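Enquirer: Per our numbering, the very first residue in the sequence shown carries number 17; after that it's consecutive. Note that the Cβ used here is the ideal one computed from N, Cα and C, for glycine as well. Note that this is a predicted model, so its numbers are computed, not measured. Mind looking over this structure? Questions follow.
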Amino acid sequence: MPHNGLDLNQDAARLTAQLVDFPSPSGEERALADAVETALRAFPHLTVGRYGNNVVARTRLGRDERVILAGHIDTVPIAGNVPSRLDDSGVLWGCGTSDMKAGVAVQLRIAATVPEPNRDLTFVFYDNEEVAAHLNGLGHVAEAHPDWLTGDFAVLLEPSSGQVEGGCQGTLRVLLRTSGVRAHSARGWMGENAIHAAAPILSRLASYEPRRKVIDGLEYREGLNAVRVEGGVAGNVIPDACTVTVNYRYAPDIDEEQALAHVREVFSGCGEWELTVDDSSGGALPGLSHPAAKAFTDAVGGEPQPKYGWTDVSRFSALGVPAVNYGPGDPNLAHKRDERVETSKILHCEERLRTWLTA
Ligand SMILES: [Zn+2]
17 MPHNGLDLNQ DAARLTAQLV DFPSPSGEER ALADAVETAL RAFPHLTVGR
67 YGNNVVARTR LGRDERVILA GHIDTVPIAG NVPSRLDDSG VLWGCGTSDM
117 KAGVAVQLRI AATVPEPNRD LTFVFYDNEE VAAHLNGLGH VAEAHPDWLT
167 GDFAVLLEPS SGQVEGGCQG TLRVLLRTSG VRAHSARGWM GENAIHAAAP
217 ILSRLASYEP RRKVIDGLEY REGLNAVRVE GGVAGNVIPD ACTVTVNYRY
267 APDIDEEQAL AHVREVFSGC GEWELTVDDS SGGALPGLSH PAAKAFTDAV
317 GGEPQPKYGW TDVSRFSALG VPAVNYGPGD PNLAHKRDER VETSKILHCE
367 ERLRTWLTA
């Protein structure tokens, strides 16, 4: 093994262990970014760029298609779970095993060992995914070097238990405020009750039938829910204000504006209310009908699943690059003290990607 360097000759499972033993909680990725950059610069078939603690390596073979393999190199804070430990059943334990150094190891192995892929490849290693969105390295690269991220299709090697997860849902959170007139509750007829005024909003939500929208063969199940209600002044006062917080999780066939218009429409006829947008992030189309994506799902097998949370696939989608999650980790183990990954899953993921990119 090169002194202090990453050894890309070892298999992806061993490489995962080496990456875990290179601690890189968000904000402290520099040493690992240095190691990744140094390791990749050793390969003449790759053009390597660096921006902050983000590293992008590309092949330039003039192929018809370009595919992006992306992963974040940071982890959540270490919880006494570094260095890594391999147990007798082939399970590797440690911070970042599942989320997502196993995926990063697969990226590095493909970068090192597939010098003549059937599609041009772009490898993106970025920092600060586990913290506030404005720090996200993928977002910074997209702003500073958008040309580094051009491509026809992207795979994020986030933990997905080896299943293809396409696109992601959008999310919108709004505050609906009703108002009334404050009065002593002994003379309630002198006031107007703002909490009662929220009743039609709640009953509309209770009877709302969310859509189930199928896109590229994936069913996205929407949801429109009250997630908080605030109101009331004192035990003897008719309240003059009430706020219902509503969260809409929607299929990626509509954009942020259409989602907001839909929410306004749902509550029209529910009396008087004032609406404020509290949070809004658009979804991402799965793009599984693109030829590169189709070849990918054929090669890795299994039934693609819709992604319910919001992930960085949306950033690629905003750049016009359809993207999916596909990685060896288990999302249910991410961020846990007993985070771990089955090494056989890492090797399987590497092999499937190699098949897709060399067939
Ligand atoms: Zn992650």
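Would you mind giving the Cβ-Cβ distance between Asp-232 and Leu-304, rounded to the nearest angstrom? I have them listed as a contact below 8 Å.
Expert: 4 Å
Enquirer: According to DSSP, which residues form a beta bridge with Ser-296?
Expert: Looking at the DSSP assignment, Ser-296 forms a beta bridge with Leu-188.
Enquirer: Per DSSP, which one or two residues make a beta bridge with Ser-195?
Expert: Ala-257
Enquirer: Residue range of the beta strand (DSSP E) that Arg-356 falls in?
Expert: Element bounds for Arg-356: 356-358.
Enquirer: Determine whether the beta carbon atoms of Thr-54 and Lys-117 lie at a separation below 9 Å.
Expert: no
Enquirer: Below 8 Å on the Cβ atoms is my contact criterion, and I expect Leu-16 with Phe-38 to pass it. Report the Cβ-Cβ distance as a whole number of Å.
Expert: Past the edges of the chain, shown from 17 to 375, lies residue 16, and the structure says nothing about it.
Enquirer: Going by Cα to Cα distance, which pick from Asn-70, Glu-208 and Ser-201 is closest to Leu-151?
Expert: Minimum Cα distance to Leu-151 is reached at Asn-70.
Enquirer: I want to know whether the stretch 99-112 touches the stretch 152-166 - three or more CB-CB distances under 8 Å.
Expert: no
Enquirer: Taking C-beta to C-beta, are Leu-172 and Val-329 nearer than 9 Å?
Expert: yes
Enquirer: Taking 8 Å as the line, does the beta carbon of Met-116 fall inside it for any heavy atom of ligand 1?
Expert: Yes, since a heavy atom of ligand 1 falls inside the 8 Å radius drawn around the Cβ of Met-116.
Enquirer: Using CA coordinates, which residue listed in Leu-85, Cys-258, Val-243 and Glu-45 is at the minimum distance from Phe-312?
Expert: The residue with the shortest Cα to Cα distance from Phe-312 is Leu-85.
Enquirer: Hey, could you find the ends of the beta strand (DSSP E) Ala-339 is sitting in?
Expert: 339-341
Enquirer: If you draw a straight line from the alpha carbon of His-351 to that of Asp-269, how long is it in whole angstroms?
Expert: 31 Å
Enquirer: How long is the line joining the alpha carbons of Asp-115 and Val-190, rounded to whole angstroms?
Expert: 31 Å
Enquirer: Decide if Asn-144 is buried, meaning its Cβ has at least 16 other Cβ atoms within 10 Å, or exposed.
Expert: buried
Enquirer: Can you tell me the Cα-Cα spacing of Val-180 and Ile-211, whole angstroms?
Expert: 45 Å
Enquirer: Counting beta carbon pairs with one atom in the stretch 250-266 and one in the stretch 334-352, are three or more of them shorter than 8 Å?
Expert: no
Enquirer: Using the Cβ count rule (16 or more neighbours within 10 Å means buried), how would you classify Trp-289?
Expert: buried
Enquirer: Should the stretch 249-256 be regarded as contacting the stretch 199-213, the criterion being three or more beta carbon pairs within less than 8 Å?
Expert: yes
Enquirer: Leaving out five residues on either side along the sequence, give the residues of the same chain with a beta carbon under 6 Å from the beta carbon of Phe-139.
Expert: The answer, listed in chain order, is Ala-73, Leu-85, Gln-123 and Ala-127.
Enquirer: Taking only the alpha-carbon atoms, compute the straight-line gap between Arg-135 and Asp-80 and give it to the nearest angstrom.
Expert: 7 Å
Enquirer: Scan the stretch 106-186 and note each continuous beta strand (DSSP E) run of 3 residues or more that stays entirely inside, going in chain order.
Expert: For the stretch 106-186, whole beta strand (DSSP E) runs of length 3 or above, ordered along the chain, are 107-109, 136-142 and 169-172.
Enquirer: At the level of alpha carbons, what is the spacing between Leu-373 and Gly-247?
Expert: 57 Å
Enquirer: Which two residues bound the contiguous alpha helix (DSSP H) that contains Val-249?
Expert: Per DSSP, Val-249 belongs to no alpha helix (DSSP H) and is neither H nor E.
Enquirer: Answer yes or no: the CB of Pro-175 versus the heavy atoms of ligand 1, is any distance below 8 Å?
Expert: For ligand 1, at least one heavy atom lies less than 8 Å from the Cβ of Pro-175.
Enquirer: For Ala-28, verify whether its CB is less than 8 Å away from any heavy atom of ligand 1.
Expert: Incorrect: Ala-28 has no Cβ contact closer than 8 Å to ligand 1.
Enquirer: If distances are taken between C-alpha atoms only, which option among Lys-310, Lys-229, Cys-286 and Leu-349 comes closest to Glu-319?
Expert: Checked all of Lys-310, Lys-229, Cys-286 and Leu-349; the closest Cα to Glu-319 is Lys-310.
Enquirer: Excluding the five sequence neighbours on either side, which residues of its own chain have a C-beta within less than 7 Å of the C-beta of Pro-93, listed in chain order?
Expert: Residues Pro-41 of the same chain have their beta carbon placed closer than 7 Å to that of Pro-93, with the five preceding and five following residues left out of the count.
Enquirer: At 3 residues or longer, what runs of the beta strand (DSSP E) sit wholly inside the stretch 308-349?
Expert: Within the stretch 308-349, the runs of beta strand (DSSP E) that reach at least 3 residues and sit entirely inside it are, in chain order, 339-341.
Enquirer: Looking at the secondary structure, which residues open and close the beta strand (DSSP E) in which Thr-63 lies?
Expert: 63-67
Enquirer: Taking only heavy atoms of ligand 1 into account, decide whether any of them is closer than 8 Å to the Cβ of Ala-170.
Expert: no
Enquirer: Is Glu-238 a contact residue of ligand 1, with contact defined as CB to any heavy atom under 8 Å?
Expert: Glu-238 Cβ: outside cutoff for every heavy atom of ligand 1.
Enquirer: Measuring from the CB of Glu-181, is there a heavy atom of ligand 1 at a distance below 8 Å?
Expert: no
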